[in-house]
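Okay, structure first, notes after.
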Amino acid sequence: MKFSLFVHMERWDESVSHRQLFENLSELTLLAEAGGFSTVWIGEHHAMEYTISPSPMPLLAYLAGKTTTIHLGAGTIIAPFWHPLRVAGECALLDVISNGRMEVGLARGAYQVEFDRMAGGMPASSGGQALREMVPVVRALWQGDYAHDGEIWKFPTSTSVPKPIRKPYPPMWIAARDPDSHNFAVANGCNVMVTPLMKGDEEVLDLKNKFQAALDNNPDVPRPQLMVLRHTHVHAVDDPEGWKVGAQAISKFYRTFDAWFGNKQVPVNGFLAPSPEEKFAERPEFQLENIRKNTMIGTPQEIIERIKYYQELGVDEFSFWCDNSLSHAEKKKSLELFIQQVVPAFR
1 MKFSLFVHME RWDESVSHRQ LFENLSELTL LAEAGGFSTV WIGEHHAMEY TISPSPMPLL
61 AYLAGKTTTI HLGAGTIIAP FWHPLRVAGE CALLDVISNG RMEVGLARGA YQVEFDRMAG
121 GMPASSGGQA LREMVPVVRA LWQGDYAHDG EIWKFPTSTS VPKPIRKPYP PMWIAARDPD
181 SHNFAVANGC NVMVTPLMKG DEEVLDLKNK FQAALDNNPD VPRPQLMVLR HTHVHAVDDP
241 EGWKVGAQAI SKFYRTFDAW FGNKQVPVNG FLAPSPEEKF AERPEFQLEN IRKNTMIGTP
301 QEIIERIKYY QELGVDEFSF WCDNSLSHAE KKKSLELFIQ QVVPAFR
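Laid out in structure tokens, this is it:
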């Protein structure tokens, strides 16, 4: 079982500066590297303070110079917002800067609020077309000269400059949920990243079964890797109420997710207030006990037991998702407990 860190700068009000958030993210990354984590993942989001990353590339390039072993994962690049030549060239440059430690994840995008601003209002549900066209084009550009005449992009003979260090090309991941996206990823030799969001381990099993079905549909393709991304909060055994800290924070995170995803309010300087708790009074997944059960919250031993179940399912990488609205001090304490008391059980 490999472990990775999925992290963004989160800003919930103006009391913490962007510079401080940048330093916090750097500190968590260095902590993860020292703890033997395989990869740090940073995604892409636009004009929203609660998930700050207009591009993962500058952050990852900076971290490449501060680290020596951890891989730098662009996870994920939103395909409809990019041109294939930029994806190929910027990812290859990051691979050169990091001496072969770049990994790239591609996604179709989710928030309509971003598509309204970044893609002329195209439906977010149409993003999959760009993702499917992007993957083979980027790989072709990494190999050498290539001209493209597709449905979305058309360009004359071009190549990626520079070329990546990793041969034949760096690892490519696809964020997958439905059977078609799993099948596309496996058929194209891409690793698969999944997240059950607020759902429980039955959702992890369902996503794993979709991955397995894609493997069965493509028996001649070497098995790619499967990563599960989970909101994670570890608390000490002698703090039996510690789980509530994580559950309340994750509730706030998803109530804010709901406000952005609903796309019914105009953000003010990049902020949207979380949807009110009353809205979810009849939604069992928002009850704190269910958040505790369904996300990765618990003592080190409780976390170990659940990750071992994932390992038995065939999950190759567990990604510690620390976006959860908690303070940096709380995130750091949780990550340190995970490194000190959970990771050794898998070594």
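In the UniProt record's numbering, the protein residues as written are 1 to 347.
The beta-carbon is built from N, C-alpha and C at its ideal position, and this holds for glycine as well.
Predicted model, so just to flag it, every value in this text is computed and none were measured.
*Given that a residue counts as buried once 16 or more other Cβ atoms are within 10 Å of its Cβ, and exposed if not, what is His83?*
Label assigned to His83: exposed.
*Can you tell me the Cα-Cα spacing of Leu207 and Glu103, whole angstroms?*
22 Å
*Which residues in the same chain as Cys190 place their Cβ atom closer than 7 Å to its Cβ, once the five residues preceding and following it in sequence are excluded?*
Val135, Met172, Trp173, Ile174 and Pro224
*Ala47 to Asp220, Cα distance in whole Å?*
So the two alpha carbons sit approximately 43 Å from each other.
_Less than 8 Å between the beta carbons of His71 and Ser26, yes or no?_
no
*Consult DSSP for Asp178 and reduce its assignment to one of helix, strand or coil.*
coil
*CA-to-CA distance, Pro156 to Phe6, given in whole angstroms*: 36 Å
_Backbone secondary structure at Lys167 - three-state DSSP_ = Here Lys167 sits in coil by DSSP.
*Gly314, buried or exposed, once every other Cβ within 10 Å from all chains shown has been counted against 16*: With fewer than 16 other Cβ atoms within 10 Å, it is exposed.
*Use the C-beta contact count for Asn294: other C-beta atoms within 10 angstroms, 16 or more gives buried, fewer gives exposed.*
buried
*Note down, in chain order, each residue of its chain lying with its Cβ closer than 7 Å to the Cβ of Leu337, except the 5 sequence neighbours on either side.*
Val234, Ala236 and Pro300
*Using DSSP with H/G/I as helix, E/B as strand and the rest coil, what is His83?*
coil
*Relative to the C-alpha of Leu272, which residue among Val16, Leu28 and Thr51 is closest?*
Thr51
*Since I believe Ile42 is in contact with Gly75 (beta carbons under 8 Å), could you give me their beta-carbon distance rounded to a whole number of angstroms?*
With a Cβ gap of about 7 Å, Gly75 and Ile42 count as contacting.
*asked:* In the DSSP assignment, the beta strand (DSSP E) including Ile42 goes from what residue to what residue?
replied: Thr39 to Ile42
*Excluding the five sequence neighbours on either side, which residues of its own chain have a C-beta within less than 7 Å of the C-beta of Val343, listed in chain order?*
Phe3, Gly35 and Gly36
*Spatial neighbours of Asp323 within its chain, please: CB distance less than 8 Å, with the 5 preceding and 5 following residues excluded, ordered by chain position.*
Phe6, Val7, His8, Glu10, Thr51, His231 and Phe253
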